[in-house]
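Each number in the working numbering comes from the position in the sequence shown (counting from 1) with 6 added on.
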Amino acid sequence: AAAAAHHAPVHKTILLGDSGVGKTSLLVQFDTGMFKAGTFSATVGIGFTSKIVTVDEEMVKLQIWDTAGQERFRSVTHAYYRDAHALLLLYDVTNKTSFDNIRAWLGEIREYAQDDVVILLLGNKADCENRKIRREEGERLAREYNVIFLETSAKSGLNVDLAFTAVARGLLARS
Ligand code: GDP
Ligand code: MG
């Protein structure tokens, strides 16, 4: 099994979405199973975590890149999308602006990413009581753009593993 994993291709996966939606928290939760309260520095540079996700006894290697939200305004982002195999696009269910900005993000993705990139739309902070965006609104937007949708919580861990399993399934389906 270890040998098979060694030879499996690595799939570049990128977390995108406005600053503060929980990209770093989601990756930390997936990587360590823990939630660290308080904002991670928004300016912390781009880093990645390597993980193997097993789907139907197939191992899928993910190299998951975290970004700071404001990087969308820099042209470096476009080169950065171009070789991505999967994108996790997050909004915060308590922040309407982050949801409204999803259309702009999807526009950029359509323009710069590969045509067969696997895209997941994630409504994060689903644990919060003060939500502004109903699940149905997220589902509707995802249907319109033909992308996979889940609500997640980096805090409780809700659907975090499932999101990365969905990425792996999408990658397997495409190859
Ligand atoms: P990023 O800028 O997208 O990387 O967002 P961060 O991961 O730094 O998170 C921004 C803030 O939201 C921090 O205070 C986190 O603790 C908080 N946060 C992130 N995800 C969740 C979540 O699922 N639920 C709750 N309640 N807070 C979250
Ligand atoms: Mg961050």
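Cβ atoms here follow ideal geometry from the backbone N, Cα and C, with glycine treated the same way.
beta-carbon residue i near ligand 2 non-hydrogen atom, thresh 7 Å
| i | result |
| --- | --- |
| Thr30 | yes |
| Ala92 | no |
| Ala160 | no |
| Asp121 | no |
| Ala74 | yes |
Ligand 1 heavy atom lying under 7 Å from the CB of residue i
| i | result |
| --- | --- |
| Val66 | no |
| Asp62 | no |
| Ser25 | yes |
| Asp37 | no |
| Ala102 | Here the sequence assigns Lys to residue 102, which means Ala is not the residue at that position. No, since every heavy atom of ligand 1 falls outside the 7 Å radius drawn around the Cβ of Lys102. |
| Ala43 | yes |
| Asp133 | yes |
| Asn130 | yes |
Beta-carbon proximity of residue i to residue j, cut-off 8 Å
| i | j | result |
| --- | --- | --- |
| Asn136 | Thr171 | no |
| Gln69 | Lys18 | yes |
| Leu156 | Leu112 | no |
| Ser159 | Asp133 | yes |
| Asn130 | Leu32 | yes |
| Arg88 | Ala119 | yes |
Contact belief for residue i with residue j at Cβ below 8 Å, rounded distance in angstroms
| i | j | result |
| --- | --- | --- |
| Val166 | Leu126 | With a Cβ gap of about 12 Å, Val166 and Leu126 do not count as contacting. |
| Val123 | Ala90 | 6 Å |
| Gly28 | Leu94 | No, Gly28 and Leu94 are not in contact; Cβ-Cβ is about 11 Å, not under 8 Å. |
| Arg175 | Val61 | 5 Å |
The segment 104 to 111 / the segment 19 to 35 touching (three or more Cβ pairs under 8 Å): Of all C-beta pairs linking the segment 104 to 111 to the segment 19 to 35, three or more are shorter than 8 Å, placing the two stretches in contact.
Any beta strand (DSSP E) of 3 or more consecutive residues that is wholly inside the segment 65 to 151: Segments of the beta strand (DSSP E) lying fully in the segment 65 to 151: 92 to 98 and 124 to 130.
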